[in-house]
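Note sheet for the following structure.
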Amino acid sequence: MILRMGKQDLEYPGPYIGELREATDLKGVADALQTRMEEDGYLLIRGLLDKDLVLETRRQMVEVMAERGMLDSAHPKMDAVKAPEGGGGFFGGANDLTRCPAFQQMVASDPVMRFFETLRGGPIATYDYKWLRVVGPGDFTGAHYDIVYMGRGTPNVCTCWIPIGDCPFELGPLALLVGSHRFERIKETYGKMDVDRDHVVGWFTNDPVEMVDRYGGRWATTEFEAGDALIFGMYTMHGSLTNTSDRYRISSDTRYQLASEPLDERWVGREPKGHYAWTKGQTVEMTEARAKWGV
Ligand SMILES: O=C(O)CCC(=O)C(=O)O
5 MILRMGKQDL EYPGPYIGEL REATDLKGVA DALQTRMEED GYLLIRGLLD KDLVLETRRQ
65 MVEVMAERGM LDSAHPKMDA VKAPEGGGGF FGGANDLTRC PAFQQMVASD PVMRFFETLR
125 GGPIATYDYK WLRVVGPGDF TGAHYDIVYM GRGTPNVCTC WIPIGDCPFE LGPLALLVGS
185 HRFERIKETY GKMDVDRDHV VGWFTNDPVE MVDRYGGRWA TTEFEAGDAL IFGMYTMHGS
245 LTNTSDRYRI SSDTRYQLAS EPLDERWVGR EPKGHYAWTK GQTVEMTEAR AKWGV
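Quick note: to get my numbering, add 4 to the position in the sequence shown (first position is 1).
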């Protein structure tokens with residue numbers, strides 16, 4: 005089978021991309037989860053969330069999307085088929101999609117909070133700011149570390165990527181570069197960047213093949229079902245497959261950490277300030293930054 009990632013077609017499974025390893029059976033076992041996280045840089049937990057709540061979130065969101073004219077009314081709303089004049093986008097922060105009650109309930113629901121309490125070994129805080137993506141046909145996310153966007157508090161933050169609905173390959177699910185949490189040279193250079201301070205674009209590359217040829221590792225992805233979650237740390241390189249369908253991929257990525265550790269102030273409070281300088285004014289291209297870092 006061929007999977008599209010960025011502008012590349014990759015044989016799956018093949019030398020550049022394979023299947024994510026499941027950690028579902030480790031749920032509830034702190035040591036085992038921590039060891040696996042150190043080993044793999046991620047945890048794939050099937051059925052972590054209440055499936056009905058995820059689907060209710062989707063139901064509420066597609067209503068909003070229909071009102072916004074994003075959906076093709078010839079198809080059931082739940083299919084989220086893009087209207088000819090519609091388009092996807094990034095819907096992070098407070099808006100009519102992230103305000104959906106089921107969404108707010110889902111990202112702070114017991115199974116999620118308990119999971120992170122077990123993983124981190126104490127009471128958990130989640131950023132008030134929530135990242136929500138409605139990824140349109142043809143779109144994808146380039147490879148990056150999350151630390152460059154949220155590195156001002158503890159580095160021990162986890163991202164929880166949640167597809168809001170089933171997410172087969174053609175919708176463009178998340179893909180991780182297994183082994184990238186040990187790319188020390190990239191962590192010391194790119195990984196020290198702060199997009200608001202340094203005015204550099206955030207994605208390290210759009211080319212998954214270049215990453216593997218130059219640094220090793222292997223991309224991994226899977227087909228997700230509503231209720232599944234993919235958890236990873238701030239130094240796990242990730243991006244997404246390309247959405248090759250005529251539908252939107254709706255997903256959220258939310259953050260969790262020990263409440264006792266410092267929080268990145270951009271993402272907390274009633275009205276989090278978010279990225280206040282990134283992409284404003286002159287921005288350094290990643291190719292230029294990489295040449296300077298020698299990576
Ligand atoms: O969903 C995507 O396409 C990107 C998500 C992401 O970058 C993240 O989870 O940090």
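The C-beta atom is built at its ideal place from N, Cα and C for all residues, glycine as well.
### Task
Could you tell me the distance, in whole angstroms, from the CA atom of aspartate 303 to the CA atom of lysine 11?
The chain is shown only over 5 to 299; residue 303 falls outside these bounds and no answer can be derived.
### Message
When you measure from the CB of leucine 101 to every non-hydrogen atom of ligand 1, does any distance come out below 8 Å?
### Response
For the purposes of this step, residue 101 is identified with residue 97 of the sequence shown, where counting begins at 1. At a threshold of 8 Å, leucine 101 does not count as near ligand 1, since its beta carbon sits no closer than that to any of the ligand's heavy atoms.
### Message
Can you look up lysine 86 in the DSSP assignment and give me helix, strand or coil?
### Response
Start at 1 with the first residue of the sequence shown, and residue 86 comes out as number 82. Note: lysine 86 maps to strand in three-state DSSP.
### Message
Going by C-alpha to C-alpha distance, which of Thr240, Thr246, Gly273, Gly90 sits closest to arginine 222?
### Response
The residue you call residue 222 lines up with position 218 of the sequence shown. Of Thr240, Thr246, Gly273, Gly90, the residue nearest in Cα terms is Thr240.
### Query
Under a three-way DSSP split, which group does proline 212 fall into?
Your numbering for residue 212 matches position 208 in the sequence shown. Three-state DSSP puts proline 212 in a helix.
### Query
Can we say the region 101-112 touches the region 53-69, given the rule of at least three CB pairs closer than 8 Å?
Cβ pair count under 8 Å is three or more, so yes.
### Task
Determine the contact status of aspartate 202 and valine 288, defining contact as a CB-CB distance below 9 Å.
For the purposes of this step, residue 202 is taken as residue 198 along the sequence shown, with counting starting at 1. For the purposes of this step, residue 288 is taken as residue 284 along the sequence shown, with counting starting at 1. The answer is yes: Cβ separation under 9 Å.
### Task
Give the straight-line distance between the Cα atoms of arginine 218 and glycine 237, rounded to the nearest whole angstrom.
Here residue 218 is taken as the residue at index 214 of the sequence shown, counted from 1. Here residue 237 is taken as the residue at index 233 of the sequence shown, counted from 1. A straight-line Cα-Cα distance of about 22 Å links arginine 218 and glycine 237.
### Query
In the DSSP assignment, what are the bridge partners of proline 105?
Indexing the sequence shown from 1 puts residue 105 at position 101. Partner(s): none; proline 105 has no beta bridge.
#### Entry: For glycine 298 and proline 115, the rounded distance between their alpha carbons
Counting from one through the sequence shown, the residue named residue 115 turns up at place 111. Counting from one through the sequence shown, the residue named residue 298 turns up at place 294. The C-alpha of proline 115 lies about 43 Å from the C-alpha of glycine 298.
### Within the region 94-182, ranges of the alpha helix (DSSP H) (whole runs, at least 4 residues)
Entirely contained in the region 94-182, the alpha helix (DSSP H) runs reaching 4 residues are, in chain order, 105-111, 114-124.
### Task
Specify whether the region 269-289 and the region 176-187 touch according to this definition: at least 3 beta carbon pairs, one from each stretch, less than 8 Å apart.
Three or more beta-carbon pairs separated by less than 8 Å are not found between the region 269-289 and the region 176-187, which leaves the two stretches without contact.
### Query
So, helix, strand or coil for threonine 258, using DSSP?
As a first step, residue 258 is located in the sequence shown; it is residue number 254 there, counting from the start. Threonine 258 falls in the strand class under three-state DSSP.
#### Entry: Cβ distance (whole Å) where serine 256 is taken to contact isoleucine 166 below 8 Å
Your numbering for residue 256 matches position 252 in the sequence shown. Your numbering for residue 166 matches position 162 in the sequence shown. Sure, about 5 Å apart at Cβ, within 8 Å.
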